[in-house]
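What follows is a short report on a single structure.
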Amino acid sequence: MAAYADGLNPSTAIPEMELVAQITPAADVRFIFIVKKQGRGTPDLSTRQLANRLSTHEELVKRGVSTYIISDTDPYGYSITFCYKYGSWALQFYEGLTSRNAIRIGVSPMDWNEFNVHVSQIQPMDEEDYHKLKFLLDDNQISDSERSELEVFKEGQKSDLGIIFTSLDVQIAGNPQDTREKVNLEK
Numbered sequence: 001m002a003a004y005a006d007g008l009n010p011s012t013a014i015p016e017m018e019l020v021a022q023i024t025p026a027a028d029v030r031f032i033f034i035v036k037k038q039g040r041g042t043p044d045l046s047t048r049q050l051a052n053r054l055s056t057h058e059e060l061v062k063r064g065v066s067t068y069i070i071s072d073t074d075p076y077g078y079s080i081t082f083c084y085k086y087g088s089w090a091l092q093f094y095e096g097l098t099s100r101n102a103i104r105i106g107v108s109p110m111d112w113n114e115f116n117v118h119v120s121q122i123q124p125m126d127e128e129d130y131h132k133l134k135f136l137l138d139d140n141q142i143s144d145s146e147r148s149e150l151e152v153f154k155e156g157q158k159s160d161l162g163i164i165f166t167s168l169d170v171q172i173a174g175n176p177q178d179t180r181e182k183v184n185l186e187k
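Numbering-wise, the sequence shown is residues 1 to 187 according to full-length UniProt numbering.
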């Protein structure tokens, strides 16, 4: 295994949590950040178990460390987020796979206008997207705000995670007096 400056090897798989006796978080951990990775469409069990162990770790809970999830702006991206938060139907009775207090961050379908996203970057939904959307809307675990975001997909549009970087303007939160500072990103 190659050594990396930060001590992490990006190709190292997350071990099965049954094999991890103890997790000792660093004193400076401020948040847990889960990024939807390419590929499978459903988070693997080891990742879900690790997210659960971290988001429910007594020390991190006491320190108010939040768990954030970022995923594509489409029904499948939301499905991944909900799988972390609420679990999957297949394993719905195994509580060790959920991170109930996780917060989805990133672009929502309601943000496309605010971020001046060019229409060419928004994709049409297909039949599979609509099927997934119906499945998600039938889930009684999701919050009212999550349901509102999902309802926008009925308009038939979706985008991927990188859409924010294709926008002409990127909004950066500044201090409370100046929350609309704009930075122009040019290729």
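Cβ coordinates follow ideal geometry from the N, Cα and C atoms, glycine included.
Counting along the chain, serine 79 sits inside the alpha helix (DSSP H) bounded by residues 75 to 86.
Taking the Cβ atoms as the reference, threonine 67 lies roughly 4 Å from alanine 102, within the contact range of under 8 Å.
Judged by their CB atoms, glutamine 123 and lysine 158 are nearer to each other than the 8 Å cut-off. For proline 124, DSSP records a beta bridge to Gln157. Bridge pairing for arginine 104: Ile69 [DSSP]. With fewer than 16 other Cβ atoms inside 10 Å of its own Cβ, leucine 19 counts as exposed.
Here the alpha carbons of alanine 13 and valine 61 stand approximately 25 Å from one another. With 16 or more other Cβ atoms inside 10 Å of its own Cβ, alanine 51 counts as buried. Assigned with DSSP and collapsed to three states, phenylalanine 33 falls in strand.
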